[in-house]
Amino acid sequence: MVKDSNAPDYILIVVVMSLLTAGIVMVYSSSYVWSDYKFGDSTYYLKRQLLFAGAGIVAMIGTMLIPYGTWKKYAKVLLISCFVLLLLVLVPGVGMVRGGAQSWIGVGAFSIQPSEFMKLGLIIFLAAYLAANQKYITSFKKGFFPSIMLIFTAFGLIMLQPDLGTGMVLVLTCMVMVFVSGARFLHFFGLAALGLIGFVVLIASAPYRISRITAFLNPWEDPLGDGFQIIQSLYAIGPGGLMGLGLGESLQKYFYLPEPQTDFIFAILGEELGFLGGSTVIALFLLLLWRGIKISLDAPDSFARFLALGIISMLAIQAMINISVVIGLIPVTGITLPFLSYGGSSLTLTLCSVGILLNISRYSKI
Numbered sequence: 004m005v006k007d008s009n010a011p012d013y014i015l016i017v018v019v020m021s022l023l024t025a026g027i028v029m030v031y032s033s034s035y036v037w038s039d040y041k042f043g044d045s046t047y048y049l050k051r052q053l054l055f056a057g058a059g060i061v062a063m064i065g066t067m068l069i070p071y072g073t074w075k076k077y078a079k080v081l082l083i084s085c086f087v088l089l090l091l092v093l094v095p096g097v098g099m100v101r102g103g104a105q106s107w108i109g110v111g112a113f114s115i116q117p118s119e120f121m122k123l124g125l126i127i128f129l130a131a132y133l134a135a136n137q138k139y140i141t142s143f144k145k146g147f148f149p150s151i152m153l154i155f156t157a158f159g160l161i162m163l164q165p166d167l168g169t170g171m172v173l174v175l176t177c178m179v180m181v182f183v184s185g186a187r188f189l190h191f192f193g194l195a196a197l198g199l200i201g202f203v204v205l206i207a208s209a210p211y212r213i214s215r216i217t218a219f220l221n222p223w224e225d226p227l228g229d230g231f232q233i234i235q236s237l238y239a240i241g242p243g244g245l246m247g248l249g250l251g252e253s254l255q256k257y258f259y260l261p262e263p264q265t266d267f268i269f270a271i272l273g274e275e276l277g278f279l280g281g282s283t284v285i286a287l288f289l290l291l292l293w294r295g296i297k298i299s300l301d302a303p304d305s306f307a308r309f310l311a312l313g314i315i316s317m318l319a320i321q322a323m324i325n326i327s328v329v330i331g332l333i334p335v336t337g338i339t340l341p342f343l344s345y346g347g348s349s350l351t352l353t354l355c356s357v358g359i360l361l362n363i364s365r366y367s368k369i
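Each residue of the sequence shown is one higher than the one before, starting from 4 at the first, in my numbering.
Dropping the structure here:
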């Protein structure tokens, strides 16, 4: 029997609010120099992040109160809407170009990133699809192939922007969901072979991606060009030592590390708060992963299990990729650190996802 306990996972709430608070503090600490230089207001990014966080918390509470089964009813509508947004962002004059990627749609003084909506929309739809068709997932034609085609159609549209980082998070998250649903290893091996070929083609088709690979292998070969970001990131983390230089005492934010409040905020955190600060953040993400997996395992039905698994996988994979980039383990991909990095669509949608996870946690098996 399934019962609504009316009590969300309080540990998850504490972890999320701890990460969000750390993010607000670090956004201000990492951005006030650049913010004052660019806008004449040292609190520009802080004020906007507080606004995004406030909106995100309201959205999180709202989604926590919506029974998770509601998302299943509207899964198709949500997915179609996300595809429409992905197509709109490619229309000249509608999509906004930032950092070489046409990934945003302007709305007044703010903008939204449709790929962020697609991550959540596809997770919801795929959870509904796998719940209804899990018995067919071992069949390539009836179960595996339709799932993969849907995932890579979304990935293809995101790559037209192009946004490899978000595309990677989306694909890896969905692959986790399909794998856990019971898909055959043989199908995954074949997909992995095709994926490797496709990845090589993607890298070879864009010179800047090749530059990122070579910069990753030897960033000091081009220290003022493609290797600049990762070198400055390592220069930030290295001096941090065990305890860090102290909150607000970063040197790399003084125009060395470009826009440190976004993708490389973990580098500034490591510089100011040291190994202990960085380890604490990683520990919080591991605790977040544990609570998410527990919620998935305790979920009352297959849709809730797949949905919870998809959400927590998305957050964990994105955090893992971001931190790996910052410490030089993988090439630069250009994705944010959940809850910590500055950003509107990303932070709001992340907190919405947590709200859905909290609603699932209110249901348990008896």
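Glycine is no exception: its CB is placed at the ideal position from the N, C-alpha and C atoms.
Rounding to the nearest angstrom, what Cα-Cα distance links I60 and L343 in this structure? On the sequence shown, residue 60 is found 57 positions in, with the first residue counted as 1. On the sequence shown, residue 343 is found 340 positions in, with the first residue counted as 1. One C-alpha to the other measures close to 14 Å.
Go through its chain and collect everything with a Cβ distance to A319's Cβ below 6 Å, but skip five positions before and after it. For the purposes of this step, residue 319 is taken as the residue at position 316 of the sequence shown. Excluding sequence neighbours, A319 sits near L292.
Do three or more CB pairs link the segment 299-312 to the segment 326-346 at distances below 8 Å? no
On the CB-based measure, 16 or more other CB atoms within 10 Å of its CB, does I369 come out buried or exposed? For the purposes of this step, residue 369 is taken as the residue at position 366 of the sequence shown. Confidence at I369 is low in this model, with a pLDDT of 43, below 50, so its placement is unreliable and no value can be given for it.
For Q105, which beta-bridge partners are listed by DSSP? Locating residue 105 in the sequence shown gives position 102, where the first residue counts as 1. DSSP, once it has assigned bridges, lists V100 as partnering Q105.
Buried or exposed, going by whether 16 or more other CB atoms sit within 10 Å of the CB of W37? In the sequence shown, counting from the first residue as 1, residue 37 sits at position 34. Its Cβ being crowded by 16 or more others within 10 Å, W37 is buried.
Which full runs of the alpha helix (DSSP H) of 4+ residues lie inside the segment 109-170, going along the chain? 117-136 and 148-162
Rounded to whole angstroms, what's the CA-CA distance from S316 to L361? Just pull it up for me. By 1-based counting over the sequence shown, the position of residue 316 is 313. By 1-based counting over the sequence shown, the position of residue 361 is 358. Each residue's Cα considered, the two are about 15 Å apart.
Where P303 sits in the DSSP three-state scheme: The residue you call residue 303 lines up with position 300 of the sequence shown. Coil.
At least 3 beta-carbon pairs within less than 8 Å: the segment 55-74 vs the segment 280-295: no
In the DSSP output, what is P95 paired with across the bridge? The sequence position of residue 95 within the sequence shown is 92, counting from 1. Answer is G98, bridged to P95.
Which residues in the same chain have their Cβ closer than 7 Å to the Cβ of A131, if we skip the five residues on either side of it in sequence? The residue given as residue 131 occupies position 128 in the sequence shown. So the qualifying residues of the chain are K75, A78 and F306.
Should the segment 233-240 be called in touch with the segment 187-204, which here means at least 3 C-beta pairs below 8 Å? no
Rank I16, P11 and S32 by C-alpha distance to the C-alpha of Y257 and give the top, closest one. As a working note, residue 257 is residue 254 in the sequence shown. Among I16, P11 and S32, the Cα nearest to that of Y257 is on S32.
Taking 8 Å as the cut-off, does the segment 157-166 touch the segment 114-126 (at least 3 CB pairs, one atom from each stretch)? yes
F120 versus F148, F147 and V87, residue with shortest Cα-Cα distance: Taking the sequence shown and counting its residues from 1, one reaches residue 120 at position 117. Ranking the options by Cα distance to F120, first place goes to V87.
Could you check the C-alpha separation between I314 and V92 for me, to the nearest Å? Residue numbering aside, residue 314 sits at position 311 when the sequence shown is read from its first letter. Residue numbering aside, residue 92 sits at position 89 when the sequence shown is read from its first letter. When rounded, the distance between both Cα atoms is 24 Å.
Rounded to a whole number of angstroms, what is the C-alpha to C-alpha distance between L194 and L245? In the sequence shown, the residue the question calls residue 194 occupies position 191. In the sequence shown, the residue the question calls residue 245 occupies position 242. So the two alpha carbons sit approximately 43 Å from each other.
Where T336 and G65 are concerned, what is the direct C-alpha to C-alpha distance, given to the nearest angstrom? Position 333 of the sequence shown, counted from the first residue, corresponds to residue 336. Position 62 of the sequence shown, counted from the first residue, corresponds to residue 65. T336 and G65: Cα-Cα distance of roughly 32 Å.
Among T46, L15 and N9, which has the Cα closest to the Cα of L287? Counting from 1 along the sequence shown, the entry for residue 287 is found at position 284. For the residues T46, L15 and N9, the minimum Cα distance to L287 belongs to L15.
Span of the alpha helix (DSSP H) holding R51? Here residue 51 is taken as the residue at index 48 of the sequence shown, counted from 1. Run containing R51: Y47 to L68, per the alpha helix (DSSP H) assignment.
Specify, as a first and last residue, the run of the alpha helix (DSSP H) that D44 falls within. In the sequence shown, residue 44 corresponds to position 41, counting from 1. Run containing D44: none; DSSP gives neither H nor E here.
For the alpha helix (DSSP H) containing F231, name the first residue and the last one. In the sequence shown, the residue the question calls residue 231 occupies position 228. Where F231 is concerned, the enclosing alpha helix (DSSP H) stretches over F231 to G243.
Can you tell me where the alpha helix (DSSP H) with W74 in it begins and where it stops? Within the sequence shown, the letter at position 71 stands for residue 74. Here the alpha helix (DSSP H) through W74 covers G72 to K76.
Whole-number beta carbon distance between T217 and A186, since they are thought to touch under 8 Å: On the sequence shown, position 183 is the one that residue 186 refers to. On the sequence shown, position 214 is the one that residue 217 refers to. No, A186 and T217 are not in contact; Cβ-Cβ is about 35 Å, not under 8 Å.
Reduced DSSP category for I271 - H, G, I as helix; E, B as strand; rest coil: As a working note, residue 271 is residue 268 in the sequence shown. DSSP places I271 in helix when its eight states are reduced to three.
Within 10 angstroms of the Cβ of M152, are there 16 or more other Cβ atoms? Answer buried if so, exposed if not. Stepping through the sequence shown from its first residue, residue 152 is reached at position 149. With fewer than 16 Cβ atoms within 10 Å of its Cβ, M152 is classed as exposed.
Can you tell me which of the three DSSP states F188 falls into? Position 185 of the sequence shown, counted from the first residue, corresponds to residue 188. The answer is helix: DSSP assigns F188 an H, G or I state.
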